[in-house]
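*Asks:*
Protein chains: 2
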Amino acid sequence: MSNNKKMVDAITARDADFAQWYTDLCLKAELMDYSDVKGFIIYRPYGYAIWEGIQQDLNHRLKETGHQNVYMPLVIPESLFQKEKDHVEGFAPETAIITTTGVEELAERLIIRPTSETLFCTHYQKIVNSYRDLPKLYNQWCSVVRWEKTTRPFLRGKEFLWQEGHTAHATEDEARKETLDILDIYRDLGKELLAIPFVTGKKTEKEKFAGAIDTYSIEALMHDGQALQSGTTHYFGQEFAKAFDIKFQDENNQQQYAYQTSWGVSTRLIGAVIMVHGDDEGLVLPPYVAPTQIIIIPIQSHKEEVQEATNHLFKSLKQAGFRVSVDDSSKSPGWKFSEYEMKGVPVRIEIGPRDLEKGFVTLVTRYNREKHQVALNEVTSIMPQMLRSIHDALYNKAVEFVQENTYQAKTYDEFKAYIKKGGYVAMSISGEEAEVQIKKDTTATARVLPFDQTLITKTCPVTQKSATQTVWFARAY
Amino acid sequence: MSNNKKMVDAITARDADFAQWYTDLCLKAELMDYSDVKGFIIYRPYGYAIWEGIQQDLNHRLKETGHQNVYMPLVIPESLFQKEKDHVEGFAPETAIITTTGVEELAERLIIRPTSETLFCTHYQKIVNSYRDLPKLYNQWCSVVRWEKTTRPFLRGKEFLWQEGHTAHATEDEARKETLDILDIYRDLGKELLAIPFVTGKKTEKEKFAGAIDTYSIEALMHDGQALQSGTTHYFGQEFAKAFDIKFQDENNQQQYAYQTSWGVSTRLIGAVIMVHGDDEGLVLPPYVAPTQIIIIPIQSHKEEVQEATNHLFKSLKQAGFRVSVDDSSKSPGWKFSEYEMKGVPVRIEIGPRDLEKGFVTLVTRYNREKHQVALNEVTSIMPQMLRSIHDALYNKAVEFVQENTYQAKTYDEFKAYIKKGGYVAMSISGEEAEVQIKKDTTATARVLPFDQTLITKTCPVTQKSATQTVWFARAY
């Protein structure tokens, strides 16, 4: 078991240094590697496979609800980028700009898309003419570039992978409904695929997206008590349509501006999965997004009965549709146990000669490291229920964690104490003045205005003015 | 039928002006649109869906053969890009370069990847240490940027979408095998998905990839007799490994440089599909890659029996796994017929009250516009065979077209006459001197050295020197 120890020793303990634990895990589980340019990471096969799992699931949800995939150019002419005032102010400092080719300077500088509102708007301006052309429910999967100063794998990069949806509608109601429907889709993705209970709500004026009327967010609570904004949906009203002249003839032959939305989730979700479920042994992947759901490790694999049972079980599980692998390499079983725990594979199956004599194999569930003796011929039939129960256990544990770490503050002192402990703190405040003060005093930021806006106190504990809104605060990534 | 006429009139006849026909079709079938930056196109939903079909099919083939997807950064530091001499010479003029952000000049210029050999090599240098780490069979789906002067939708763009595979192996044999195995996979993709018979072979020294020892290609013959290079695979030997110091310890504890390959197909395949199968009515999509395989058009859809039959048939076909849609919009049937012919939907089903009285519906196969009366309750069960026979007919037609337009030239005059007619012309030449002369005289270029290198003549008809190789020439996109 010395190899086993060696691998585990290489990760920092989660509660000793959460940030270091996270970085260690990203590298040791072979999710990513650094490239030669700071902030641009390499998505290694195991990390990219998690992203492919997310893509596949979300793509299905989006197509079922009538969305279509497209691909817009990587570059935005600088003049086009500057058309919507708030938007350009929000993004201009973070842009990366192509000014030249290998042989000549460009006549107009080209911005690498930090987000593609301007491109979709230009296209909609051309193809939307009548109410019959609406809605347009477009989405694209791509990478974007934002020149962030502080970067961390998956959480904040100069380049990241995401989907960006951009829709145009004939009415405000329909566009507002889309903004909230997508928020529901994101929440369901969290619950059903990632085993993460996202808190949803509206962003404050201060925190909303550059150019949006309303921004909504899904927030996840990491093990260290910090929140992670994991996706956003934006209602734009007609602001972009006016800037880009996206007009259509309505049913009464009147010219109207379209109502628009945009929304996205990114590879940041991989970071959320790591920091919500991971432990000192490494990753803990929820089974429906795990690239490998089951790893079979034969013990004394030179023995014929072990080989036979391994092949038989592998085929049976694969045929039943599970993502299953066998590791019959020459490494020691202990090394392998440690390796697949590090990689967070939900179920490990140990097939050894002694168990086999009795017709059994040993299943170990990664999240709680519990051992289960299961009859060889029952493994495949119990597997759907086993994965389901693992998923549910992870989700319920994460729900409990949110509940245990969500507080209501009636005084500013209470608020500060809770924020220090970590987690969400709900407080009713007077508005942006209080929000700014809170950030200055505690580094906590407004995560969301929950949909239930019941006031906790009538007076804002920070400014002593009338409380107008209830806000969930947290320190955040 | 006046609407019908109007739509069709908008496309240039294919034999009148093939280039214009192509552009008309790309726009009218709503495959793409132009953006504000020349050479960067918008992939509209219908065009992007074709790409998604290609991705899905090829991804499956690659994963089945042990390849893994990754994602490398969008940008390459200029110093890294310059590490392999031939490679940089080939690509440097076409590069787009980020020199600044919204707030400051970059310390080192960053090249937008025109291809990612240098990035994969840098990564392999870090992660390959032992023969046990090999082979590495990585692939990525992404967009690349090459600053081309002349651009055409899907065929040649400043940005295009593709997959690029990059592999590292312990032996030359294994790497050479990979190069040819992937060529076979590409050929199978053509035959089984796109109904295109790709001609395969090696590129001449003159035409090979910058940095490669050997380049292989799949070539397709367009309706106008011009060839289209549709994908390439490259054997690099150890050249990149030496430039990037990718060494591993072999089984005898000796340090060795790795042997590498790379290979790619791009959205150019969409252009091939258009130009191989399309006709004067528009696109003709092979059924297995068609985003919509079957379009159901109810005639007099207000009649209850028509509605019922439509719903019933739609559900039945969808349940059976076909990509099927219903168009019950208020447009005239004639308009719809024309629209879906333009879009190349393989099978149209017309459901009208008169046919229904007899228990029939009318199926029209797009490629030959033949009508088939089929009993309503047999449509779903005959559909697999119908799609198969459409696919086979398209493929066989394309094979015949290649056969009819492939010539052997024993004299240079013969050669020139054939090239003028269009198609492939095989000739045995002395080498690069002849190749250069041929291009100068006829604009034809060497497409491939076929695997069967039997000489047609002993003397090169161009230089009168000894013939050393048999080459297929064609004018090409």
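The listed protein sequences correspond, in order, to chains A and B.
Using the numbering used here, the letters of the first sequence correspond one by one to residues 140 to 616.
Using the numbering used here, the letters of the second sequence correspond one by one to residues 140 to 616.
Quick reminder that beta carbons are idealized off the backbone N, C-alpha and C, glycines included.
Mind listing which residues of the segment 231-248 of chain B have their C-beta closer than 8 Å to chain A's C-betas, in chain order?
*Replies:* A231, P232, E233, T234, A235, I236, I237, T238, T239, T240, G241, V242
*Asks:* Under the assumption that B:Q264 contacts B:W280 (Cβ atoms under 8 Å), give the Cβ distance between them as a whole number of angstroms.
*Replies:* Against the second sequence, residue 264 of chain B aligns to sequence position 125. Against the second sequence, residue 280 of chain B aligns to sequence position 141. At roughly 23 Å, the Cβ-Cβ gap does not stay under 8 Å, so B:Q264 and B:W280 are not in contact.
*Asks:* Can you tell me whether B:A537 is buried or exposed, with buried defined as 16 or more other CB within 10 angstroms of its CB?
*Replies:* As a working mapping, residue 537 of chain B is identified with position 398 in the second sequence. Counting Cβ neighbours within 10 Å, B:A537 comes out buried, since at least 16 surround it.
*Asks:* Going by C-alpha to C-alpha distance, which of B:A314, B:T289, B:R285, B:H308 sits closest to B:L300?
*Replies:* The sequence position of residue 300 of chain B within the second sequence is 161, counting from 1. Nearest C-alpha to B:L300 among B:A314, B:T289, B:R285, B:H308: B:R285.
*Asks:* With a Cβ-Cβ cutoff of 8 Å, do A:E444 and A:L502 count as a contact?
*Replies:* For the purposes of this step, residue 444 of chain A is taken as the residue at position 305 of the first sequence. For the purposes of this step, residue 502 of chain A is taken as the residue at position 363 of the first sequence. In this structure, A:L502 does not lie closer than 8 Å to A:E444 by Cβ.
*Asks:* Measure the beta-carbon distance from B:P485 to B:I438 and round it to whole angstroms, keeping in mind my assumption that it falls under 8 Å.
*Replies:* Here the question's residue 485 of chain B lines up with position 346 in the second sequence. Here the question's residue 438 of chain B lines up with position 299 in the second sequence. Rounded, the Cβ-Cβ distance is 20 Å, inconsistent with contact.
*Asks:* Hey, is B:R183's beta-carbon within less than 8 Å of any beta-carbon in chain A?
*Replies:* Stepping through the second sequence from its first residue, residue 183 of chain B is reached at position 44. Taking Cβ atoms only, chain A reaches closer than 8 Å to B:R183, which makes this a yes.
*Asks:* Rounded to the nearest angstrom, what separates B:T431 and B:I150 at their Cα positions?
*Replies:* Position 292 of the second sequence, counted from the first residue, corresponds to residue 431 of chain B. Position 11 of the second sequence, counted from the first residue, corresponds to residue 150 of chain B. Those two C-alpha atoms are separated by around 22 Å.
*Asks:* Just to confirm, is the Cβ distance from A:F612 to A:V541 under 8 Å?
*Replies:* For the purposes of this step, residue 612 of chain A is identified with residue 473 of the first sequence, where counting begins at 1. For the purposes of this step, residue 541 of chain A is identified with residue 402 of the first sequence, where counting begins at 1. No, they are not a contact pair.
*Asks:* Check the Cβ of B:N208 against every Cβ in chain A and list those closer than 8 Å, keeping chain order.
*Replies:* Locating residue 208 of chain B in the second sequence gives position 69, where the first residue counts as 1. Neighbours of B:N208 on chain A, chain order: P184, Y187, A188, E191.
*Asks:* Less than 8 Å between C-beta atoms, sequence neighbours within five positions excluded: which residues of the same chain meet that for A:L294?
*Replies:* One-based indexing of the first sequence puts residue 294 of chain A at position 155. L367, R407, G410, Y616, listed in sequence order.
*Asks:* Please classify A:D467: does DSSP put it in a helix, a strand, or coil?
*Replies:* Mapped onto the first sequence, residue 467 of chain A falls at position 328. Correct three-state label for A:D467: coil.
*Asks:* In chain order, what residues of the segment 298-316 of chain B put their CB closer than 9 Å to some CB of chain A?
*Replies:* E298, L300
*Asks:* Flag this pair as touching only if the segment 326-341 of chain A and the segment 374-388 of chain A have three or more C-beta atom pairs under 8 Å; answer yes or no.
*Replies:* no
*Asks:* Going by DSSP, which residues form a beta bridge with A:V486?
*Replies:* If you number the first sequence from 1, residue 486 of chain A lands on position 347. A:I433, A:T504, per the DSSP bridge assignment.
*Asks:* Using the three-state DSSP reduction, which class does B:G186 fall into: helix, strand or coil?
*Replies:* Counting from 1 along the second sequence, the entry for residue 186 of chain B is found at position 47. Of the three classes helix, strand and coil, the one that applies to B:G186 here is helix, per DSSP.
*Asks:* What is the residue span of the alpha helix (DSSP H) that B:P492 lies within?
*Replies:* Here residue 492 of chain B refers to the residue found at position 353 when the second sequence is read from its first residue. Residues 492-496.
*Asks:* Which term fits A:S141, buried or exposed, when burial requires 16 or more other beta carbons within 10 angstroms of its beta carbon?
*Replies:* Your numbering for residue 141 of chain A matches position 2 in the first sequence. Since pLDDT at A:S141 reaches only 40, below the 50 mark, its modelled position is unreliable, and the value read off the structure follows with that caveat. Classification for A:S141: exposed.
*Asks:* Give the straight-line distance between the Cα atoms of B:L213 and B:A158, rounded to the nearest whole angstrom.
*Replies:* Numbered from 1 along the second sequence, position 74 holds the residue referred to as residue 213 of chain B. Numbered from 1 along the second sequence, position 19 holds the residue referred to as residue 158 of chain B. Here the C-alpha atom of B:L213 lies approximately 33 Å from the C-alpha atom of B:A158.
*Asks:* Assuming contact is defined by CB atoms lying nearer than 8 Å, are A:G403 and A:I357 in contact in what I supplied?
*Replies:* For the purposes of this step, residue 403 of chain A is taken as residue 264 along the first sequence, with counting starting at 1. For the purposes of this step, residue 357 of chain A is taken as residue 218 along the first sequence, with counting starting at 1. Contact flag unset, no.
*Asks:* Using three-state DSSP, classify B:A152 as helix, strand or coil.
*Replies:* To locate residue 152 of chain B, count along the second sequence from 1; it is residue 13. Assignment of B:A152 by DSSP, reduced to helix, strand and coil, places it in the coil class.
*Asks:* Give the secondary structure of B:N450 by DSSP, where H, G and I count as helix, E and B as strand, and everything else as coil.
*Replies:* Residue numbering aside, residue 450 of chain B sits at position 311 when the second sequence is read from its first letter. B:N450: helix per DSSP, three-state reduction.
*Asks:* State the beta-bridge partners of A:H308 as determined by DSSP.
*Replies:* Residue mapping note: residue 308 of chain A aligns to position 169 of the first sequence, counting from 1. DSSP lists A:Y398 as partners of A:H308.
*Asks:* So, does the CB of B:K475 fall closer than 8 Å to a CB anywhere in chain A?
*Replies:* The sequence position of residue 475 of chain B within the second sequence is 336, counting from 1. Not one chain A Cβ lies under 8 Å of B:K475.
*Asks:* List the endpoints of the continuous beta strand (DSSP E) containing A:K224.
*Replies:* Counting from one through the first sequence, the residue named residue 224 of chain A turns up at place 85. No beta strand (DSSP E) holds A:K224; the alpha helix (DSSP H) holding it covers 224-230.
*Asks:* Give a yes or no on whether 8 Å exceeds the smallest Cβ distance from A:D104 to chain B.
*Replies:* Here chain A covers residues 140 to 616 and nothing more, so residue 104 of chain A does not appear.
*Asks:* Would B:K297 be called buried (16 or more neighbouring beta carbons within 10 Å of its own) or exposed?
*Replies:* To locate residue 297 of chain B, count along the second sequence from 1; it is residue 158. By the neighbour-count rule (16 or more Cβ atoms within 10 Å), B:K297 is buried.
*Asks:* Please state the DSSP three-state secondary structure of A:R248.
*Replies:* Within the first sequence, the letter at position 109 stands for residue 248 of chain A. Strand, per DSSP.
*Asks:* Using a Cβ-Cβ cut-off of 7 Å (strictly less than) and excluding sequence neighbours within five positions of A:I521, which residues of its own chain qualify?
*Replies:* Numbered from its first residue, the first sequence carries residue 521 of chain A at position 382. Same-chain partners within the cutoff: V513.
*Asks:* If contact is defined by three or more beta carbon pairs under 8 Å, each pair taking one atom from either stretch, is the segment 342-352 of chain A in contact with the segment 542-557 of chain A?
*Replies:* no
*Asks:* Please report how far the alpha carbon of B:T609 lies from the alpha carbon of B:G304, in whole angstroms.
*Replies:* Against the second sequence, residue 609 of chain B aligns to sequence position 470. Against the second sequence, residue 304 of chain B aligns to sequence position 165. Going from the Cα of B:T609 to the Cα of B:G304 covers about 29 Å.
*Asks:* Quick check: is the beta carbon of B:L213 nearer than 8 Å to any beta carbon in chain A?
*Replies:* Stepping through the second sequence from its first residue, residue 213 of chain B is reached at position 74. With 8 Å as the cut-off, B:L213 counts as an interface residue toward chain A.
*Asks:* Apart from the five residues just before and just after A:V601, which ones in its own chain have a Cβ nearer than 7 Å to its Cβ?
*Replies:* To locate residue 601 of chain A, count along the first sequence from 1; it is residue 462. Y551, I568, A573, Q576, I577, listed in sequence order.
*Asks:* Counting only beta-carbon atoms, is B:W286 nearer than 8 Å to chain A?
*Replies:* Taking the second sequence and counting its residues from 1, the one referred to as residue 286 of chain B is at position 147. Yes - at least one Cβ of chain A is within 8 Å of the one on B:W286.
*Asks:* Go ahead and pull the three-state DSSP assignment for B:E243.
*Replies:* Numbered from 1 along the second sequence, position 104 holds the residue referred to as residue 243 of chain B. DSSP places B:E243 in the coil class of the three-state scheme, outside both helix and strand.
*Asks:* Taking 8 Å as the CB-CB cut-off, is B:D175 touching chain A?
*Replies:* Within the second sequence, the letter at position 36 stands for residue 175 of chain B. Interface residue, yes.
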